[in-house]
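Shown next, in structure tokens, is the structure this report addresses.
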Amino acid sequence: MRRLELVIDRLSKSGEGVAEVAGRSVFVPGALPGETVLAEVPDTGKALRAELLSILKASLARRQPMCGKAGECGGCDWMHITENEQVAWKESIVTSALEHVGGVKGGTYEQRPTVRSPKALGYRRRATLHPTKGKLGFFGKRSHARVEIDECPALTDSLSALPRVLAEALGPSVKELEEARLLECEGKVAVSLHAKGPLRPRHRQALEALVRDGVIDGGVLVPGEGKGALETVGTPTLEEDGLLHRPEGFAQANAEVNRALVRHAVELLAVQPGEAVLELYAGNGNFTFPLAERSGSVLAVESAAVSVMLAQAAARKRGVGNVRFVQGACEKIADGLVKEGARFDRLLLDPPRTGAPGVGTWASRLLVSCVVYVACDPAALARDAADLVAHGFRPLALQVVDLFPQTRHVEAVLAFGRG
Ligand SMILES: C[S@@+](CC[C@H](N)C(=O)[O-])C[C@H]1O[C@@H](n2cnc3c(N)ncnc32)[C@H](O)[C@@H]1O
15 MRRLELVIDR LSKSGEGVAE VAGRSVFVPG ALPGETVLAE VPDTGKALRA
65 ELLSILKASL ARRQPMCGKA GECGGCDWMH ITENEQVAWK ESIVTSALEH
115 VGGVKGGTYE QRPTVRSPKA LGYRRRATLH PTKGKLGFFG KRSHARVEID
165 ECPALTDSLS ALPRVLAEAL GPSVKELEEA RLLECEGKVA VSLHAKGPLR
215 PRHRQALEAL VRDGVIDGGV LVPGEGKGAL ETVGTPTLEE DGLLHRPEGF
265 AQANAEVNRA LVRHAVELLA VQPGEAVLEL YAGNGNFTFP LAERSGSVLA
315 VESAAVSVML AQAAARKRGV GNVRFVQGAC EKIADGLVKE GARFDRLLLD
365 PPRTGAPGVG TWASRLLVSC VVYVACDPAA LARDAADLVA HGFRPLALQV
415 VDLFPQTRHV EAVLAFGRG
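All you need for our numbering is the position in the sequence shown, starting with 1, plus 14.
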């Protein structure tokens, strides 16, 4: 280890400050471009990841975080940066990943103005908590060490005090949980408790008491694998914008910005009446229903059983007849559609961080004319963009969306046309 004074010249793809030392990149979590910092730098290692000791010259973008836990909690890792700079760096993380990882140069596609979150805090309607020392908390910065949380200002008003309230209701049984998930939709709240082993009576009693007291509307009790059946309490299925959600399933974390995300992605796909759309990684139908309104039919593929069940229930409730939700791995199902010689007009996909290896083959063999790729990981987007380009697609427009203020996470939508 060496103590070095470093000048930070850029941010890495994962939002760490980067300095050059003797021709090697040194990653300094917590440091910002333009800053001079004192850091402890390891002598060897594949990636040199230094520990920030002190800031000798601070960036103008640095500010005092609004949460007392910001130094340790991994939830809001960019709270020390002003929102304008957060947005500018997110844009540059996406465009630089596209250029350097995907070979897609800036200027070869339209870059639309970034969608910003109207709320800097109080926007998160979904969170995953982990037990720690008899309480609940989030993972810490740069580690899986847990940070105890009583209240969280990033959560919506209905959820912000729930970490403390839920831990108190669970008492000592909190330590038997793997995790607890919180969900809020239109002011209603549901919680899922994921046990490490079998469910304990205290888990159910805690949720029942919270429902009785009007703190939550419902809950789901999920036993450890092979340790029994899932149970529900109260009304665990919530509704927002005509979509059905459950706390143990996926939901976009920022409801307000999600509406803009859906609007932009659907507009970029430019689907025409009568056309056939393939949607991969469809969740519980976030993009599916707006696509169904504008198209002839949508085939929506999703692996999580709970999401498919909710999507099918929402389709029945809304009387939507031109969508088919299929449960399964997209890779397998898309490969199967290619083998069958199926044809679609347009493809929308919203994969997890691992991306969608194979998307180039699917899009070209299924003969789609337009692909809209919704990405939560810029590097995966860039890799898959290169694959689409190699299969004859051309990036047309990029829409960056700031779904997660105060964090390094960024959502990007990239539309491709043929040739
Ligand atoms: C980023 S979420 C998007 C969900 C949905 N589009 C939305 O906006 O709410 C990704 C979804 O892909 C699903 N998923 C992950 N891996 C999958 C796979 N290999 N095949 C099908 N679905 C998968 C997850 O369950 C999750 O619902």
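Beta carbons are placed, not taken as given, at the ideal position from N, Cα and C, and that holds for glycine.
In this text, all values refer to a predicted model and were calculated from it rather than measured experimentally.
Simplified DSSP state of residue i, which is helix, strand or coil
i: residue 421; result: coil
i: residue 102; result: helix
i: residue 176; result: helix
i: residue 119; result: coil
i: residue 187; result: helix
i: residue 407; result: strand
i: residue 326; result: helix
i: residue 306; result: helix
i: residue 341; result: strand
i: residue 52; result: strand
i: residue 94; result: coil
i: residue 58; result: coil
i: residue 127; result: strand
i: residue 210; result: coil
i: residue 353; result: helix
i: residue 381; result: coil
i: residue 74; result: coil
i: residue 225; result: helix
i: residue 285; result: coil
i: residue 219; result: helix
i: residue 258; result: strand
i: residue 84; result: coil
i: residue 165; result: coil
Test item: CB-CB of residue i and residue j under 7 Å
i: residue 395; j: residue 426; result: yes
i: residue 168; j: residue 87; result: no
i: residue 339; j: residue 314; result: yes
i: residue 198; j: residue 172; result: yes
i: residue 317; j: residue 290; result: no
i: residue 412; j: residue 125; result: yes
i: residue 382; j: residue 358; result: yes
i: residue 21; j: residue 36; result: no
i: residue 248; j: residue 234; result: no
i: residue 256; j: residue 160; result: no
i: residue 102; j: residue 393; result: no
i: residue 384; j: residue 408; result: no
i: residue 268; j: residue 131; result: yes
i: residue 165; j: residue 254; result: no
i: residue 46; j: residue 84; result: no
i: residue 258; j: residue 328; result: yes
i: residue 212; j: residue 242; result: yes
i: residue 109; j: residue 120; result: yes
i: residue 163; j: residue 154; result: no
Beta carbon proximity, residue i to chain C, threshold 7 Å
i: residue 149; result: The question asks about chain C, but that chain is absent: this structure has only one protein chain.
Beta-carbon contacts of residue i that lie in its chain and below 7 Å, excluding the five residues immediately before and after
i: residue 179; result: 229
i: residue 72; result: 49
i: residue 97; result: 134, 419
i: residue 279; result: 301, 362, 386, 388, 427
i: residue 261; result: 195, 196, 197, 204, 205, 206, 234, 250
i: residue 65; result: 53, 54
Spatial neighbours of residue i in its chain, beta-carbon cut-off 6 Å, leaving aside the 5 residues before and after
i: residue 370; result: 363, 398
i: residue 266; result: 272
i: residue 176; result: 196
i: residue 292; result: 313, 358, 361
i: residue 326; result: 339
i: residue 346; result: none
Residues that DSSP places opposite residue i in a beta bridge
i: residue 387; result: 363, 428
i: residue 144; result: 151
i: residue 32; result: 24, 41
i: residue 158; result: DSSP, once it has assigned bridges, lists no residue as partnering residue 158.
i: residue 199; result: 202
i: residue 311; result: 290
i: residue 69; result: 51
i: residue 233; result: 205, 247
i: residue 268; result: 138
Same chain, Cβ closer than 8 Å to residue i, neighbours up to 5 away in sequence not counted
i: residue 189; result: 145, 148
i: residue 68; result: 51, 52
i: residue 405; result: 374, 375, 377, 378
i: residue 274; result: 129, 415
i: residue 223; result: 183
i: residue 117; result: 400, 403
i: residue 263; result: 297, 298, 318, 320, 321, 324
i: residue 246; result: 232, 233, 234, 235
i: residue 60; result: none
i: residue 421; result: 89, 90, 91, 92
i: residue 491; result: This structure cannot speak to residue 491, because the chain is shown only from 15 to 433.
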